[in-house]
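Trainee: In my numbering, the protein residues as written are 1 to 245. Backbone N, C-alpha and C define an ideal beta-carbon position, used for all residues, glycine too. Questions regarding the structure given below will be posed in turn.
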């Protein structure tokens, strides 16, 4: 299939699939032919982060471009599995459409909801029923291990709370954080790296819990703080960097 024919196709997903098949053909691209799911999964993650950064930058043109890069990797990955006879991109699309219909009975059925919070609660009930398990532990196991740690911690505390885990209230978590700081101060004098690392991790986890109670995501808040530091550093760098954040 010619490049112009691919680019002008009215069926974008089919055209993209055809393009990838051309790239993977024996007369195609050596680099594309040697890719496998383990290599492509890294590009999926990278492109997802680039989409998020484009959104933060507020440039629709950049978002459009980065979404294209992400979609390419997603379709490429599905093509690799299609070659194995596992599934196709059509199966992926059909599956997500069916899932969204099931998860929105208030739109596609006769379920009545009061607000977005009830929609979210119903979503998780339906998801639990689909998984066929009422074990709260399985809810945590399904959270991807390769998420950034702060993001994963937020998801874990969110799901644990929904399953009935009794987290401290706002005043209680502040007390726990104060206690964790005192403990870290003591450990800093004892030069015990292993125990200090353990308690520092516990401290960070409590910070994530606090953030969730305040309606914030620790990952996003830290990312914004990093950008503020970068902006400040770049502003003072020509004049020296002997300043605290």
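#1: If you measure between the beta carbons of residue 213 and residue 184, is that distance less than 8 Å?
#2: First and last residue of the alpha helix (DSSP H) that includes residue 87?
#3: Tell me where the alpha helix (DSSP H) around residue 200 begins and ends.
#4: Indicate whether the contact test is met: 3 or more Cβ pairs, each with one atom in the segment 35-55 and one in the segment 93-112, closer than 8 Å.
#5: Grab the span of the alpha helix (DSSP H) containing residue 131 for me, first residue to last.
#6: Would residue 104 and residue 112 be called neighbours here (beta carbons separated by less than 8 Å)?
#7: Going by the CB atoms, is the gap between residue 75 and residue 143 shorter than 8 Å?
#8: In angstroms, rounded to a whole number, what distance separates the CA positions of residue 65 and residue 199?
#9: If you check the beta carbons only, do residue 155 and residue 147 fall under 8 Å apart?
#10: Just how far apart, CA to CA, sit residue 231 and residue 174?
Mentor: So, to answer that:
#1: As a position in the chain shown, residue 213 is number 213, starting the count at 1. As a position in the chain shown, residue 184 is number 184, starting the count at 1. For residue 213 and residue 184, no; Cβs fall outside 8 Å.
#2: Within the chain shown, the letter at position 87 stands for residue 87. Segment: none, residue 87 is in no alpha helix (DSSP H) and carries neither H nor E.
#3: If you number the chain shown from 1, residue 200 lands on position 200. Unbroken alpha helix (DSSP H) run through residue 200: 193-213.
#4: no
#5: By one-based count along the chain shown, residue 131 stands at place 131. Run containing residue 131: 116-131, per the alpha helix (DSSP H) assignment.
#6: Looking up residue 104 in the chain shown gives position 104. Looking up residue 112 in the chain shown gives position 112. It is not a contact, given that the beta carbons lie outside the stated cut-off.
#7: If you number the chain shown from 1, residue 143 lands on position 143. If you number the chain shown from 1, residue 75 lands on position 75. No, they are not a contact pair.
#8: On the chain shown, residue 65 is found 65 positions in, with the first residue counted as 1. On the chain shown, residue 199 is found 199 positions in, with the first residue counted as 1. If you take the alpha carbons of residue 65 and residue 199, they lie about 43 Å apart.
#9: Position 155 of the chain shown, counted from the first residue, corresponds to residue 155. Position 147 of the chain shown, counted from the first residue, corresponds to residue 147. Yes, these two residues count as a Cβ contact at 8 Å.
#10: As a working note, residue 231 is residue 231 in the chain shown. As a working note, residue 174 is residue 174 in the chain shown. C-alpha separation (whole angstroms): 30 Å.
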